[in-house]
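There are 2 protein chains.
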Amino acid sequence: MTAAPQRIYTFGAGRAEGHAAMKDVLGGKGAGLAEMTNLGIPVPPGFTVSTAACAEYYRTGRKLPAGLMDEVRGALAAVESIAGARFGDPENPLLLSVRSGAKFSMPGMMDTVLNLGLNTDTVGGLARSTGDPRFAWDSFRRFVQMYGDVVLGVNRHPLEKLIEGRKEARGVTQDTELTADDWRDLVSAFLERVESQLRRPFPMDPYEQLEGAIAAVFRSWNTPRAVFYRKEHGIPDDIYTAVNVQAMVFGNLGDDSATGVAFTRDPATGEDLFYGEFLPNAQGEDVVAGIRTPLPINRSRPVPDGVATLEELMPAAYGTLLEVRRRLEGHFRDMQDLEFTIQRGRVWMLQCRTGKRTARAAVRIAVDMVGEGLIDRDTALLRVQPSQLDQLLHPTIDPKAPRHVIARGLPASPGARTGKVVFTPEEAVARSERGDAVILVRRETSPEDIAGMSAAQGILTARGGQTSHAAVVARGMGKCCVVGCSEISVALDEKSFTTSRGRTVREGDEITLDGATGEVMLGRVGVQGVDPEHDRELGQVLHWADEVRRLRIRTNADTPDDARTARRFGAEGIGLCRTEHMFFDEERVALVREMILAETFEERKAALDRILPFQRRDFEGIFRAMAGLPVTVRLLDPPLHEFLPTTDAQVKALAEHSGMREADIRRKTREHEEANPMLGHRGCRLGISHPEIYRMQVRAILEAACAVASEEIAVLPEIMIPLVSIEKELEFLKEEVADEAEAVFRGTGRRVAYQVGTMIELPRACLVAGGIARTAEFFSFGTNDLTQTSYGFARDDAGPFLRVYEEVKIIGRSPFVTLDREGVGELVRIAVERGRAARPGLKTGICGEHGGDPDSIAFCHEVGLDYVSCSPFRVPVARLAAAHAALREAAK
Amino acid sequence: MTAAPQRIYTFGAGRAEGHAAMKDVLGGKGAGLAEMTNLGIPVPPGFTVSTAACAEYYRTGRKLPAGLMDEVRGALAAVESIAGARFGDPENPLLLSVRSGAKFSMPGMMDTVLNLGLNTDTVGGLARSTGDPRFAWDSFRRFVQMYGDVVLGVNRHPLEKLIEGRKEARGVTQDTELTADDWRDLVSAFLERVESQLRRPFPMDPYEQLEGAIAAVFRSWNTPRAVFYRKEHGIPDDIYTAVNVQAMVFGNLGDDSATGVAFTRDPATGEDLFYGEFLPNAQGEDVVAGIRTPLPINRSRPVPDGVATLEELMPAAYGTLLEVRRRLEGHFRDMQDLEFTIQRGRVWMLQCRTGKRTARAAVRIAVDMVGEGLIDRDTALLRVQPSQLDQLLHPTIDPKAPRHVIARGLPASPGARTGKVVFTPEEAVARSERGDAVILVRRETSPEDIAGMSAAQGILTARGGQTSHAAVVARGMGKCCVVGCSEISVALDEKSFTTSRGRTVREGDEITLDGATGEVMLGRVGVQGVDPEHDRELGQVLHWADEVRRLRIRTNADTPDDARTARRFGAEGIGLCRTEHMFFDEERVALVREMILAETFEERKAALDRILPFQRRDFEGIFRAMAGLPVTVRLLDPPLHEFLPTTDAQVKALAEHSGMREADIRRKTREHEEANPMLGHRGCRLGISHPEIYRMQVRAILEAACAVASEEIAVLPEIMIPLVSIEKELEFLKEEVADEAEAVFRGTGRRVAYQVGTMIELPRACLVAGGIARTAEFFSFGTNDLTQTSYGFARDDAGPFLRVYEEVKIIGRSPFVTLDREGVGELVRIAVERGRAARPGLKTGICGEHGGDPDSIAFCHEVGLDYVSCSPFRVPVARLAAAHAALREAAK
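Protein sequences appear in the order of chains A and B.
Going by my numbering, the first sequence opens with residue 1, and the numbers climb by one from there.
Going by my numbering, the second sequence opens with residue 1, and the numbers climb by one from there.
Right under this line is the structure:
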């Protein structure tokens with residue numbers, strides 16, 4: 001057995017046992033505190049109980065490690081000596097804060113217990129040492145409330161009610177109007193209430209309090225909220241949390257005290273300005289909880305009339321913060337998120353970590369820092385997460401669109417979204433599962449709301465600042481979010497909110513949020529996409545990405561419009577042009593239905609001949625939009641019955657249009673029904689049983705190609721056969737294609753070069769890829785169907801059990817979101833190897849939703865594909881993800 | 001370029017250019033003729049045009065190879081000199097027979113053209129040389145009919161009508177009553193009719209006739225019937241046919257002439273007796289066509305009163321045949337099928353080939369020949385095809401069952417079958433595709449009927465003998481068949497037949513055939529299986545198979561009855577005991593439905609508690625039946641909605657039984673519906689979302705095991721988790737199983753050893769088999785689902801396109817019948833390798849229908865599985881197939 005790992009790391013008075021690189025052991029907060037201490041930045045002394053101790057706690061059946069509290073006492077002695085006060089000393093008590101802190105910041109865990117060490121003895125000492133009995137009793141009641149809530153599990157609300165009662169009895173409305181005696185009486189009432197709930201007294205022994213708080217932090221690692229958050233963010237369960245125990249500093253010791261948070265650059269825009277908020281005479285929790293609206297630390301952003309800034313109110317303290325900002329950014333070479341407390345004019349830093357930022361800010365900061373010489377190009381690229389770009393590229397309000405603004409709040413997380421109003425996280429989840437876009441409206445959010453926030457398109461809160469829970473979480477999720485919208489009042493019981501201008505909005509009404517301006521608008525408002533061409537920093541990042549990546553990026557586009565959008569976003573061709581959507585167009589679907597229900601080959605052929613001109617026009621538009629770039633067109637894939645009429649009205653309309661009898665239409669429609677249509681008569685199976693359909697499509701593609709080529713536009717058509725599982729399927733259809741192509745070329749008097757390839761989307765196709773590659777000129781992996789058939793899950797039917805699988809941790813991320821490397825990926829690898837062995841230089845790509853997922857793109861790079869294809873808005877994401885993959889490979 | 005292959009091989013007068021081993025070149029018939037010639041057996045002289053010539057014919061776009069007819073003329077000169085007659089000589093014309101002959105005997109190809117060389121000149125020579133003008137003109141008209149039909153494609157029926165007209169005009173009923181002049185007149189009429197149909201005269205030039213006949217044989221290789229037959233029998237398309245051209249001998253030159261067929265042993269029973277039939281004064285086609293009922297060659301079998309045998313009528317010729325029989329069996333060491341013609345007392349052999357035989361006969365002959373020292377054990381094993389045993393093991397009429405015999409025919413192919421009567425092959429195919437068992441009733445069958453015969457359970461013909469088309473084909477297919485049932489008269493127009501006792505049976509009525517006795521019975525008659533234990537020869541073959549095979553053979557059995565049957569057939573355990581059938585039992589399904597629709601865990605648990613005793617009883621019976629042998633029980637697999645009520649009556653009944661509201665039942669049933677249930681919430685996914693169901697099953701299995709073990713019966717339960725695709729699914733469920741098992745063992749105070757393993761039936765499971773094998777103690781390949789997901793075909797939905805695939809030759813044999821080695825087999829191979837690497841000695845088997853298919857069993861042997869599991873009646877088949885696999889491996 002190896003020596004037990006170190007469980008306690010002290011810091012204080014300019015020296016720390018830990019440092020910034022020890023996040024695994026100390027958690028993010030602990031590592032930041034150690035690093036700042038070593039840098040000589042003022043940090044209240046304390047120590048960190050390591051994640052190893054938490055791991056031991058769980059390993060031994062949720063028991064604090066033996067001997068841990070002895071080590072804690074030892075570390076505490078050092079803190080006492082630096083702070084000049086003793087823990088539990090009735091005369092001059094040392095008070096502690098206890099905070100959780102995992103490697104990754106994690107809402108949902110126990111956050112903080114403040115003022116620990118207070119009891120009926122030490123409260124007097126605190127009153128004396130601060131000279132402020134009211135402060136001391138107020139601190140004590142805060143401690144009882146907090147400790148009761150997060151450590152003992154006592155409901156907060158009865159205690160809040162006691163305070164309300166006391167204020168009513170005293171005829172006052174503000175907490176600040178209560179006196180020391182009021183607070184003392186309330187503490188007594190609180191203690192009684194806690195004792196009656198717990199059937200044992202509130203712990204008065206400071207060490208018992210501390211032991212309880214440490215255990216509570218460990219426990220909080222596995223609350224459902226924390227587990228949910230980790231699952232959402234792909235954080236492993238076995239990294240555990242550390243516990244940070246520090247000497248208390250007080251931001252609520254009068255008007256020369258304050259507490260606040262700051263970012264070394266603007267986390268929303270990335271601008272190089274010092275950005276932050278503070279609350280005078282307050283404890284830190286007041287800022288985060290969003291109960292009082294904080295003040296700006298400076299005038300780097302417009303400030304409402306009559307509002308003073310920290311810079312104005314406490315210029316010396318602000319100067320210290322500015323200096324801290326300079327040193328930390330220089331040291332970490334990245335934007336930092338800071339927490340500070342000013343106690344009677346003296347600045348103490350309570351946290352420093354790499355700041356979360358919007359995509360906008362990430363891009364700006366990365367580009368700026370290269371300009372400032374702080375980082376190099378590759379580092380800058382890695383500073384922007386591909387998944388963040390999605391947020392950045394999400395639509396914004398079209399400035400020219402008419403809008404009806406009913407309220408305005410703080411712009412907390414950008415993006416513009418329309419949705420139906422809901423007022424509870426449960427309703428948000430329920431409606432979004434039904435396919436509704438929803439906007440979650442709350443007074444303020446709390447960690448219980450996470451699932452609802454995740455389900456919503458956007459979030460609107462009445463209270464809280466830019467660093468409130470709602471704002472932080474929404475930015476992390478890349479959700480559009482407006483906070484602190486004090487112009488609305490939420491009536492939860494009536495499921496409505498009313499604006500200060502008197503407009504009432506009810507559950508289910510549609511509103512639009514603009515997270516970039518804070519505007520709340522009634523109804524649906526026109527939006528537009530970001531244009532990376534016209535965004536200098538984003539353009540720079542993507543340009544760097546293009547320098548670095550090896551993978552080509554194509555797009556999935558079914559229309560000329562999509563094709564143009566994608567091309568603007570940098571698409572280098574179309575990897576998947578689905579033709580079924582072209583069949584659903586209103587004026588065509590009647591023809592398609594006639595074609596399917598035709599009794600004879602001649603009838604079917606006649607219907608197809610009338611569809612041909614429509615398809616040809618579609619392809620002409622697409623080829624023009626993609627001039628000079630390859631366009632992969634997938635021939636018809638879905639089962640024919642998907643096109644057939646389902647309602648009585650549709651049957652009637654078709655009967656009128658076609659002259660068929662309704663009964664015949666119904667009978668034939670029934671004949672097309674299948675028990676498992678996903679595994680039925682579709683894809684190339686249709687092409688083989690009804691060659692005339694594919695021939696019509698081939699004719700449309702190649703006639704369009706010839707027509708566009710005659711305009712001196714380069715066309716590179718690639719004809720893709722879906723759902724091949726047998727070599728001979730492709731051989732058969734390639735001959736059909738060649739035959740029709742020759743007929744087209746004879747007819748038009750012009751030849752265009754084209755390729756014939758296949759979707760690889762069935763397990764058998766991967767295994768016999770060598771044989772298929774003898775015929776196929778390219779492979780495009782359809783990893784959606786490949787995932788479905790490899791796992792034997794139909795995506796549409798898997799919901800009920802996949803939810804259970806996530807709960808019991810059988811799967812982490814859905815394999816429909818991120819490609820399963822072990823199984824599905826192995827098939828892809830086998831297919832690439834065998835395909836290339838049979839046809840050296842075989843072109844390979846991936847189409848379908850994995851093509852826009854950064855982790856899946858990394859896999860595609862590793863396995864040596866030539867390109868990925870994704871939806872137009874994901875193209876910039878894919879460009880950056882491909883660059884990341886190349887950089888990570890180079891770093892190996 | 002290599003030298004052109006030899007295209008003509010001559011034989012005659014004791015010397016032949018070919019020999020028996022040259023079937024590839026000469027076809028079966030040509031090789032037999034050459035070998036017999038070399039053995040000094042009397043064979044009419046002739047030559048064989050090789051299969052290479054036929055291949056050339058197709059390669060060059062259906063043209064006879066250049067120079068071939070010159071070579072034919074050369075070979076013909078040798079025949080002329082042996083025969084002492086000249087082809088086309090008006091005085092003493094040589095007449096020829098032209099017969100097709102591929103490597104494998106193939107109904108559906110052009111069979112024979114006789115009397116070739118006759119024309120208006122040579123007919124006179126034939127009259128003179130035979131001294132029989134009537135014979136000569138009759139031969140000429142036969143030739144015109146045959147040649148017109150098979151070479152020129154002229155409809156036979158108008159010609160038959162002319163004969164009928166002439167008979168009517170002459171007031172006679174039999175062909176034999178027509179005179180030479182009648183036939184001469186008819187020939188004129190025929191020639192006119194042919195000329196008017198073809199718009200050109202009937203070819204009178206003998207060489208033109210011969211060239212046409214050779215080309216017709218080549219063409220007949222690709223008739224739809226021939227293609228169908230090859231597909232059915234797995235015969236490659238590119239082996240082609242040879243053409244045998246021989247001097248004519250005549251069995252219709254009077255009462256001292258005859259023609260017949262014989263087998264050196266009884267092809268139905270295998271008994272060592274000379275068995276055959278002949279027609280006096282007839283040409284060979286008359287026997288095969290089954291138009292006249294032939295006579296027996298001897299009294300080795302009971303002969304009806306008043307019937308004379310060949311032995312009695314022509315003792316010298318019979319003696320020659322006996323000698324031929326002795327020499328050929330000694331030479332070929334296998335039972336031979338002979339065709340002979342006796343021309344004016346002299347015996348000529350026209351064919352000799354390995355005789356087709358029933359399974360019964362194959363077994364008997366193989367065992368007898370080992371006893372006679374003709375062959376060794378391994379040869380004997382390889383002489384019996386595993387697929388034949390299926391036939392042998394097919395049910396026979398229970399001798400104690402009541403039966404209502406309405407007619408009696410000749411027992412042509414054994415087995416007892418019940419089905420609905422149909423009168424056309426089309427109807428047979430249509431009804432059998434709808435799932436009906438059908439009996440095809442025909443006056444006589446012809447090659448056009450093959451598809452219908454294949455679709456039928458049994459075949460009944462009114463005419464024809466044991467060697468008629470129906471009998472030969474049915475034996476080849478292992479179908480129950482009764483022929484020559486002259487007691488019935490078929491009214492095709494009215495879709496009915498009437499027995500001589502006046503009973504009318506209509507299309508759709510159910511009858512039972514006993515192919516072993518020739519009985520035709522009304523309605524369904526009780527049947528029973530063959531018992532290999534009590535069949536000496538079969539027991540011997542299976543005993544030899546057990547000595548040779550490496551694979552273990554288990555069975556799929558869901559009931560104690562099935563288990564006992566399988567054990568009698570040699571099963572060495574149960575490889576798949578499905579539990580869903582236990583749930584469908586009438587008295588249980590209501591409980592199952594309540595369980596599924598339960599609102600709460602408690603309600604569900606209560607319903608499960610009531611199902612438990614039923615399941616336990618099932619398992620007790622199965623464990624007793626399989627005492628000492630392993631029993632693999634698969635936990636519940638199908639989606640729950642399969643159990644839910646579908647009809648209004650079922651909903652009503654459930655509402656009454658359970659007290660639930662009908663509307664709730666309907667709503668919940670709808671909630672369980674899935675778009676693709678095969679890929680839905682089933683298998684282990686159910687076990688994970690509803691652990692209480694699997695726990696109930698585990699409890700039932702292990703409580704039963706403990707109970708049976710307490711009777712001193714060895715139980716070896718293996719619990720199998722279906723549909724695993726993720727390692728953690730199995731980990732999760734193995735823990736559940738272990739937990740429940742411990743509870744059972746605590747409860748019963750007894751422990752039994754058990755294993756937990758998994759079905760490997762999804763592609764991903766094969767790829768991550770290493771991980772799964774860390775938890776699984778055995779793998780059982782569910783190749784049915786694995787085939788469905790690998791190909792992305794649902795078996796139930798694939799019918800329409802698989803039919804097209806067979807037509808356009810994209811697939812040969814359905815992958816649901818014979819395991820696809822290339823794709824699905826590759827996954828099995830990967831899984832076995834990875835599984836064994838992770839867990840050395842991992843037990844592996846296959847369950848599902850491939851487990852009873854000989855080719856698939858060979859694959860299982862090659863890939864190193866431990867066992868195959870198949871239905872009880874297939875167990876002997878599997879034992880023999882496993883032995884064949886081992887022998888073939890040893891021969892490599």
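Heads up, the beta-carbon is just placed ideally off N, CA and C, and yes, glycines get one too.
None of these values were measured; they are calculated from a predicted model.
query, result
"Who are the neighbours of A:V824 on chain B, taking C-beta pairs under 8 angstroms?", "R764"
"Is the beta carbon of A:P267 closer than 7 angstroms to that of A:L279?", "no"
"What does the alpha-carbon distance come out to for the pair B:E71 and B:P236?", "28 angstroms"
"List the residues of chain B that A:A729 touches, going by C-beta distances under 7 angstroms, in chain order.", "First, the amino acid is wrong: residue 729 of chain A is Glu here, not Ala. Within 7 angstroms Cβ-Cβ: I810."
"Measure the Cβ-Cβ separation of B:S790 and B:G823 and say whether it is below 7 angstroms.", "yes"
"Using only the alpha-carbon positions, how far apart do A:G508 and B:A831 sit?", "52 angstroms"
"Determine the DSSP secondary structure at A:K29, reduced to helix, strand or coil.", "helix"
"Taking DSSP as the reference, what is the three-state secondary structure of B:V505?", "strand"
"Quick one, are the C-beta atoms of A:A675 and B:D797 less than 7 angstroms apart?", "yes"
"Starting from A:K103, trace the alpha helix (DSSP H) in both directions and tell me its first and last residue.", "Per DSSP, A:K103 belongs to no alpha helix (DSSP H) and is neither H nor E."
"Report the neighbours of B:L767 on chain A: residues whose CB is nearer than 8 angstroms to its CB, in chain order.", "S790, E822, G823, E826, L827"
"Within 7 angstroms (strictly less), CB to CB, does A:E192 reach chain B?", "no"
"Kindly say whether A:R685, judged by its beta-carbon, lies nearer than 7 angstroms to any beta-carbon of chain B.", "yes"
"Assign B:T396 to one of three DSSP states: helix, strand, or coil.", "strand"
"Within its chain, find whatever has a CB closer than 7 angstroms to the CB of A:L591; leave out the 5 residues flanking it on each side and keep chain order.", "A607, R610, I611"
"Flag this pair as touching only if the segment 84 to 100 of chain B and the segment 240 to 249 of chain B have three or more C-beta atom pairs under 8 angstroms; answer yes or no.", "yes"
"Using a Cβ-Cβ cutoff of 8 angstroms, what residues of the segment 667 to 678 of chain B are near chain A? List them in chain order.", "E674, A675, N676, P677, M678"
"With a cut-off of 8 angstroms on the beta carbons, I'd call B:G573 and B:L629 a contact; round off their distance for me.", "4 angstroms"
"So, using beta-carbon positions, are B:G409 and B:V347 closer together than 7 angstroms?", "no"
"If we cut at 7 angstroms on Cβ distances, does A:F801 have a partner in chain B?", "yes"
"Taking Cβ positions only, does A:H690 come closer than 7 angstroms to chain B?", "no"
"List, in order along the chain, the chain B residues whose C-beta lies closer than 7 angstroms to that of A:I726?", "I810, I811"
"Please return the same chain residues whose Cβ sits closer than 6 angstroms to the Cβ of B:A566, not counting the five positions on each side in sequence.", "T555, A557, P872, V875"
"By Cβ distance below 6 angstroms, which residues in the same chain neighbour B:E761 in space, the five residues on each side in sequence not counted?", "G782, D785, L786"
"Please classify B:V363 as buried or exposed, where buried requires at least 16 neighbouring CB atoms within 10 angstroms.", "buried"
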